[in-house]
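Single-structure report; data block below.
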Amino acid sequence: GAADGGVYKSANKGEEWVQKAAVLTVAGRSASIAGVNVITLAADPQDPRALYLGTAESGLWVSYDGAESWFSAGNLNRGRIPAVAVDAKSKCTIYAAFENKVMKSTDCSRSYQGVYFDSRQGVTVSAVAVDSFDPKVVYAGLSTGDLLKSADSGASWSPSFRFENPVRKIVIDHRDTRIVYVATAERGIWKTTNAGKDWTDVNDGLEKFSGAKTFRDMVIDRSATDTLVLASQHGLLKTRDGGRNWEALRLLTPPG
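One rule links them: number in the working numbering = place in the sequence shown (from 1) + 13.
Given below as structure tokens:
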């Protein structure tokens, strides 16, 4: 009968899972994030015990002990947080997408300030990513399909490209951060190899898979070159050559 939201953790490669939902409180009062709807989970590249949890309506939650306990992030204690990115060289610098803003913390989530604000009605920030080689470079994706780039840690922004479809996720290749992938809601994956100067779609190999362009999630394999896994309406698809070719991974469930 307990709420089953929040976070689950496995210490044995997925054989068993334990809910990790305890919230730090004063005076030992019991609290939990078991009732929140999680939409993104990000880890600090330097410290895997530092976790950032974006929710659908309950703001941003943070753990610095591998999910054993959680606390609400400063003034981001409400609303939808669809994306979080951590500076790979400064663990107390975090960026979060919130409504029509990119929010930034430089004090380990004690407080957040806006570094980008979109004045257009109905526009939201839907994705954010930080270059691990040069953390001054930050990308932000919008619900309009616009991709923005900052070269000065969010102090100023310039347009990089418009994808004509909402941006859902930005993935930067850690081996060569000039290579960036952008996933759109329903028009597939785009790629740059020169830090956003030019963009090409890598959808030719996706065309044969029904529903493959309807995005769910995307991750890059940090142990292999040019390898990504895409979760789509079709199922899971994998590329080993940076998006030129895609293969469907066989699942227990049928495609779709």
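For every residue, glycine included, the Cβ atom is placed at its ideal position computed from N, Cα and C.
Just verifying my parser: in three-state terms, what is the DSSP assignment at residue i?
{"i": "L219", "result": "helix"}
{"i": "V115", "result": "strand"}
{"i": "V184", "result": "strand"}
{"i": "V136", "result": "coil"}
{"i": "V99", "result": "strand"}
{"i": "V39", "result": "helix"}
{"i": "K251", "result": "strand"}
{"i": "R229", "result": "strand"}
{"i": "F271", "result": "Given a span of 14 to 269 for the chain in the structure shown, any question on residue 271 remains unanswerable."}
{"i": "F176", "result": "coil"}
{"i": "I46", "result": "coil"}
{"i": "Y108", "result": "strand"}
{"i": "A261", "result": "strand"}
{"i": "Y65", "result": "strand"}
{"i": "S236", "result": "coil"}
{"i": "T157", "result": "coil"}
{"i": "A16", "result": "coil"}
{"i": "T53", "result": "strand"}
{"i": "A244", "result": "strand"}
Going by alpha carbons, who is nearest to residue i out of the options?
{"i": "Y129", "options": "S122, C121, S139, R123", "result": "S139"}
{"i": "G78", "options": "V99, V115, V36", "result": "Sequence check: residue 78 is Asp here, not Gly. For D78, the nearest C-alpha among the options comes from V36."}
{"i": "V51", "options": "I94, S122, P267, M116", "result": "I94"}
{"i": "D17", "options": "E28, I46, A24, V195", "result": "I46"}
{"i": "L219", "options": "I192, D230, L250, K26", "result": "L250"}
{"i": "R257", "options": "D217, A237, S223", "result": "D217"}
{"i": "V136", "options": "G154, C121, S166", "result": "G154"}
{"i": "S103", "options": "A24, A63, S169", "result": "A63"}
{"i": "V143", "options": "V99, V180, R42", "result": "V99"}
{"i": "R229", "options": "A244, A237, F222", "result": "A244"}
{"i": "W83", "options": "K33, W170, R188", "result": "K33"}
{"i": "D165", "options": "G224, V150, T157", "result": "V150"}
{"i": "L265", "options": "D60, K221, H247", "result": "H247"}
{"i": "D211", "options": "R191, S132, S236, I183", "result": "R191"}
{"i": "S71", "options": "S85, E260, V180, Y152", "result": "S85"}
{"i": "A96", "options": "G87, K114, C105", "result": "K114"}
{"i": "V75", "options": "S124, K221, S163, W30", "result": "S124"}
{"i": "A237", "options": "S223, G255, G224, F222", "result": "G255"}
Taking the DSSP output, what are the residues bridged to residue i?
{"i": "G92", "result": "S71"}
{"i": "K162", "result": "Y152, S171"}
{"i": "G127", "result": "M116"}
{"i": "V31", "result": "K22"}
{"i": "W203", "result": "V195, D214"}
{"i": "S122", "result": "Bridge partners of S122: none, in fact."}
{"i": "S82", "result": "Per DSSP, none; premise fails for S82."}
How should residue i be labelled, buried or exposed, when 16 other C-beta atoms within 10 angstroms of its C-beta is the threshold for buried?
{"i": "R91", "result": "exposed"}
{"i": "T38", "result": "exposed"}
{"i": "D186", "result": "buried"}
{"i": "A168", "result": "exposed"}
{"i": "D120", "result": "exposed"}
{"i": "A55", "result": "buried"}
{"i": "D234", "result": "exposed"}
{"i": "S145", "result": "buried"}
{"i": "V232", "result": "exposed"}
{"i": "L66", "result": "buried"}
{"i": "G209", "result": "buried"}
{"i": "L262", "result": "exposed"}
{"i": "D131", "result": "buried"}
How about residue i: is its Cβ closer than 6 angstroms to a heavy atom in the ligand COA?
{"i": "D144", "result": "Among the components of this structure there are no ligands whatsoever, and the ligand COA is therefore not found."}
- prompt: Are at least three pairs of beta-carbons, each pair with one atom in the stretch 109–127 and one in the stretch 171–189, less than 8 angstroms apart?
  reply: Touching, no, given that fewer than three Cβ pairs across the two stretches are closer than 8 angstroms.
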